[in-house]
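Enquirer: I'd like to ask you about the structure that follows.
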Amino acid sequence: MNNDVFFKSVLGKNMPDTESVFEMCTKHIDSDARIRKNYNYSFWVKLVASIIIVFSILLITPIGTHARTLISHFIAIVTINDCKIEFDNDSHTVFTIPNGCSKVELDGDIYNTKSYTSIDSLKHDTNIDMLSWNGCKSYSDILLAVKNNEYARLSIIYQIFDNGDIPNDIENGTVTDVMIHGYVPIKDSVTFKDIALKDNELKYSTIDDEGNLVKYSKNEEYESIEKYYSNSLSTDITVVSDKNILDSDEVTNYKQGYIFFFVYDGVLYQVNVVGAIDNAKGVIESLS
Amino acid sequence: MSSENNNFFELVYRDTNTDVLKYIVAKCNNMEDVSDIFQDVYMEFADVLKKKGSQYFKNPKAFLLHLTKTKIHRFYKSSLSYIENNIEDIRNEVDIENINITVVEDEVITNEQIDKALSLIGGMDMLTQRILYLRFYIDCSLDEISNSLNINESTIKSRLYRALRYLKDKMEE
């Protein structure tokens, strides 16, 4: 059998039926009601299973650690490509490594992780009065990850839209993604390796629908674009743009990515926002 | 208005669906996702067309390709394409200029053979799968595949050779 005929028969099993998609779309254009999309099961499994930060769900080995309270202060250096930005923390931070963390090993690093259902429980468990955003009350994840017993990362990942699916008719500049990460040192001298951003070197992992760890790399480009003083937080804020998200803005004009770095109350914050710069700054000003 | 929109949609769809499919195959992380992403792209396009009308689209093809990129981005939750870097070139091992392997000699293919071949292909690395789909399903030339995947033609040929040889061996077992 000719290879072309053979492969058309075989590979066609995974390919869309273009005529039925065409018919479905034209019916949709004709109809008043919105047609429910005919996804297969794997789509939803992937949506549920895929998350940005690997240690949020790699709860492999529960360990019976006892809560430990530590007091620290730090000078943090965030590196954007080759540009170093220094952040001073002039107050002492009281942090508790809580009970009930789970231990995860990834690329030689040890993480003690814990997932929470509310910001209050995260604050209570860690003794950190973490800043949060009042613009959304729905969360994808609230997480703690203590890396190598060197520093802790507290993360709040907001789910602004139902099922994480962004509507196509949102207003330009509307904020579509917000993630807040708070970094707290555990040792006196520590480097926050996770927040050294470098062009084209972003690597992260997700879990596939069979529970396997899948690693990805992504070509992001970063540029420090602005430093300003926040009146509401009374601290200097450095703004970094994610140039690739900006580049994808040509047509629909709603995806613009910014990363804000600042120190507040003894915690180094990294806040990722996708939206127009004024809206993104609005998120920062409304943190409390 | 809907008749005008349908005519516009048909024109755009006929003009773009192969390119959209090619882009998804080149960028997806799993070939089983292609149908969902493809459908999602055109349903959203139809949705925007219905709400805004055809005048909204200054460059429908650019809009669709951007929409496809965005859909893949959302589908994988911030994961755009990942192409393996461990590409090996086997030019020195085989005569890759003359790939002449017929995977199945029978004139008729059974459902069992289709399922077996699909399973074997699904077990291959993503780069080889992309090459097979682009070459044999979308009928891309080696040059088009090279541009879509940003790899050189000799790599494509070596991957094709190995894939065909592997499939032929396994299908005969």
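If you read the sequences in order, they're chains A and B.
Using this note's numbering, the first residue of the first sequence is number 1, and each one after it goes up by one.
Using this note's numbering, the first residue of the second sequence is number 1, and each one after it goes up by one.
From the three backbone atoms N, C-alpha and C, an ideal C-beta is built for every residue, glycine too.
1) In terms of residues, what are the limits of the alpha helix (DSSP H) holding Asn-29/B?
2) If I measure Cβ to Cβ from Thr-138/A and keep anything under 6 Å in the same chain, skipping five residues before and after, which residues do I get?
3) From what residue to what residue does the beta strand (DSSP E) around Cys-83/A run?
4) Using the C-alpha atoms, what's the distance from Lys-114/A back to His-124/A?
5) So what's Tyr-115/B in DSSP terms, helix, strand or just coil?
6) Please confirm whether Met-31/B and Val-103/B have their CB atoms less than 8 Å apart.
7) Can you look up Phe-6/A in the DSSP assignment and give me helix, strand or coil?
8) In the DSSP assignment, what residue or residues form a beta bridge with Asn-112/A?
9) One question on the structure: do Phe-75/B and Ile-109/B come within less than 8 Å of each other, judged by their Cβ atoms?
10) Using C-beta distances below 8 Å, list every residue in its chain close to Phe-9/B, excluding the 5 sequence neighbours before and after it, in chain order.
11) Near Tyr-116/A, what residues of its chain come up, given a Cβ to Cβ distance below 6 Å and the 5 sequence neighbours on each side ignored?
12) Give the DSSP bridge partners of Glu-185/A, in chain order.
13) By Cβ distance below 8 Å, which residues in the same chain neighbour Ser-286/A in space, the five residues on each side in sequence not counted?
14) Whole-angstrom Cβ separation of Tyr-183/A and Val-104/A, contact assumed at under 8 Å?
15) Alpha carbon to alpha carbon, what distance is there between Lys-281/A and Asp-143/B?
16) What are the boundary residues of the alpha helix (DSSP H) that includes Ser-20/A?
17) Listed in chain order, which residues of the segment 36-62 of chain B have Cβ atoms closer than 7 Å to some Cβ of chain A?
18) Can you find the residues in the same chain that come closer than 6 Å, C-beta to C-beta, to Thr-70/B, ignoring five residues on each side of it along the sequence?
19) List the residues of chain A that Ala-163/B touches, going by C-beta distances under 7 Å, in chain order.
20) Take Asp-109/A and list the residues in its own chain whose beta-carbon comes closer than 8 Å to its own, dropping the five residues that flank it on each side.
21) For Arg-140/A, which residues from the same chain have a beta carbon less than 6 Å from its beta carbon, with the 5 sequence-adjacent residues on both sides left out?
22) Name the one or two DSSP bridge partners that Phe-261/A has.
23) Is DSSP giving Ile-72/B helix, strand or coil here?
24) Which bits of chain B does Cys-25/A rub up against, with CB to CB less than 8 Å?
25) Using C-beta distances below 6 Å, list every residue in its chain close to Asp-19/B, excluding the 5 sequence neighbours before and after it, in chain order.
26) For Lys-157/B, does the count of other Cβ atoms within 10 angstroms reach 16, so buried, or fall short, so exposed?
27) Would you tell me roughly how many angstroms separate the C-alpha atoms of Asn-14/A and Asp-33/B, rounded to the nearest one?
28) Kindly say whether Val-175/A, judged by its beta-carbon, lies nearer than 8 Å to any beta-carbon of chain B.
29) So, under 8 Å CB-CB, Ile-131/B and Leu-160/B are touching, yes? Tell me the CB distance rounded to an integer number of Å.
30) Would the beta-carbon of Ser-241/A fall within 8 Å of that of Ile-284/A?
31) Can you pull the DSSP bridge partners for Ile-157/A?
32) If we define contact as Cβ-Cβ less than 8 Å, is Asn-17/B a contact residue for chain C?
33) DSSP beta-bridge partners for Glu-226/A?
Expert: Working from what's here:
1) Here residue 29/B refers to the residue found at position 29 of the second sequence. Run containing Asn-29/B: none; DSSP gives neither H nor E here.
2) Mapped onto the first sequence, residue 138/A falls at position 138. The sequence shown places Ser at residue 138/A, not Thr. Hits under 6 Å: Gln-159.
3) For the purposes of this step, residue 83/A is taken as the residue at position 83 of the first sequence. Per DSSP, Cys-83/A belongs to the beta strand (DSSP E) from 83-88.
4) For the purposes of this step, residue 124/A is identified with residue 124 of the first sequence, where counting begins at 1. For the purposes of this step, residue 114/A is identified with residue 114 of the first sequence, where counting begins at 1. Looking at the two C-alpha atoms, the distance is approximately 13 Å.
5) Walking along the second sequence from the start, residue 115/B turns up at place 115. Sequence inspection shows Asp at residue 115/B; the Tyr mentioned does not correspond to that position. Three-state DSSP puts Asp-115/B in a helix.
6) To locate residue 31/B, count along the second sequence from 1; it is residue 31. To locate residue 103/B, count along the second sequence from 1; it is residue 103. With respect to Val-103/B, Met-31/B sits apart: the two C-beta atoms are not nearer than 8 Å.
7) For this step, residue 6/A is matched to residue 6 along the first sequence. DSSP places Phe-6/A in helix when its eight states are reduced to three.
8) As a working note, residue 112/A is residue 112 in the first sequence. Looking at the DSSP output, Asn-112/A sits in a beta bridge with Lys-103/A, Val-146/A.
9) For the purposes of this step, residue 75/B is taken as residue 75 along the second sequence, with counting starting at 1. For the purposes of this step, residue 109/B is taken as residue 109 along the second sequence, with counting starting at 1. No, they are not a contact pair.
10) On the second sequence, position 9 is the one that residue 9/B refers to. Once the five neighbours on either side are set aside, the close Cβ partners of Phe-9/B are Phe-45, Ala-46, Leu-49.
11) The residue given as residue 116/A occupies position 116 in the first sequence. Counting only Cβ-Cβ distances below 6 Å, and skipping sequence neighbours, we find Leu-122, Ile-142.
12) To locate residue 185/A, count along the first sequence from 1; it is residue 185. Per the sequence presented here, residue 185/A reads as Pro, with Glu not at that position. Paired residue(s): Tyr-151/A.
13) To locate residue 286/A, count along the first sequence from 1; it is residue 286. Sequence-distant partners of Ser-286/A (beyond 5 residues in either direction) whose C-beta falls short of 8 Å from its own C-beta, in its chain, are Trp-133, Asn-134, Gly-135, Ser-232.
14) Working through the first sequence from its first residue, we reach residue 183/A at position 183. Working through the first sequence from its first residue, we reach residue 104/A at position 104. Incorrect: roughly 18 Å between the Cβ atoms, too far for contact.
15) On the second sequence, residue 143/B is found 143 positions in, with the first residue counted as 1. On the first sequence, residue 281/A is found 281 positions in, with the first residue counted as 1. Their backbone Cα atoms lie some 46 Å apart in a straight line.
16) Along the first sequence, read from residue 1 onward, the residue named residue 20/A stands at position 20. Where Ser-20/A is concerned, the enclosing alpha helix (DSSP H) stretches over 18-30.
17) Going along the segment 36-62 of chain B in chain order, one finds Asp-36, Phe-38, Gln-39, Asp-40, Tyr-42, Met-43, Glu-44, Ala-46, Asp-47, Val-48, Leu-49, Lys-50, Lys-51, Ala-62 with a Cβ nearer than 7 Å to chain A.
18) Translated into positions along the second sequence, residue 70/B becomes position 70. Excluding sequence positions up to five before and after Thr-70/B, its CB lies less than 6 Å from no other CB in the same chain.
19) The residue labelled residue 163/B in the question sits at position 163 within the second sequence. Residues of chain A passing the Cβ test: none, with the nearest at roughly 10 Å.
20) Taking the first sequence and counting its residues from 1, one reaches residue 109/A at position 109. Once the five neighbours on either side are set aside, the close Cβ partners of Asp-109/A are Lys-147, Asn-148.
21) Within the first sequence, the letter at position 140 stands for residue 140/A. According to the sequence shown, residue 140/A is Ser rather than Arg. Excluding sequence neighbours, Ser-140/A sits near Ile-157, Gln-159.
22) Indexing the first sequence from 1 puts residue 261/A at position 261. DSSP lists Thr-238/A, Gln-270/A as partners of Phe-261/A.
23) Numbered from 1 along the second sequence, position 72 holds the residue referred to as residue 72/B. The answer is helix: DSSP assigns Ile-72/B an H, G or I state.
24) One-based indexing of the first sequence puts residue 25/A at position 25. Correct list: Phe-9, Tyr-13, Tyr-42, Met-43, Phe-45, Ala-46.
25) Start at 1 with the first residue of the second sequence, and residue 19/B comes out as number 19. Listed in chain order, the non-local C-beta contacts of Asp-19/B below 6 Å within the same chain number zero, local neighbours out to five positions each way being set aside.
26) In the second sequence, residue 157/B corresponds to position 157, counting from 1. In summary, Lys-157/B is buried, with 16 or more beta-carbon neighbours lying within 10 Å of its beta-carbon over all protein chains present.
27) Taking the first sequence and counting its residues from 1, one reaches residue 14/A at position 14. Taking the second sequence and counting its residues from 1, one reaches residue 33/B at position 33. Spanning the two alpha carbons is a distance of roughly 8 Å.
28) Within the first sequence, the letter at position 175 stands for residue 175/A. Not closer than 8 Å to any Cβ of chain B, the Cβ of Val-175/A fails to qualify, so no.
29) Taking the first residue of the second sequence as 1, we reach residue 131/B at position 131. Taking the first residue of the second sequence as 1, we reach residue 160/B at position 160. With a Cβ gap of about 6 Å, Ile-131/B and Leu-160/B count as contacting.
30) Looking up residue 241/A in the first sequence gives position 241. Looking up residue 284/A in the first sequence gives position 284. Cβ atoms of Ser-241/A and Ile-284/A: not closer than 8 Å.
31) Taking the first residue of the first sequence as 1, we reach residue 157/A at position 157. Ile-157/A is bridged by DSSP to Asp-141/A, Met-179/A.
32) Any reference to chain C falls outside this structure, whose protein chains are A and B.
33) The residue you call residue 226/A lines up with position 226 of the first sequence. Looking at the DSSP assignment, Glu-226/A forms a beta bridge with Val-239/A.
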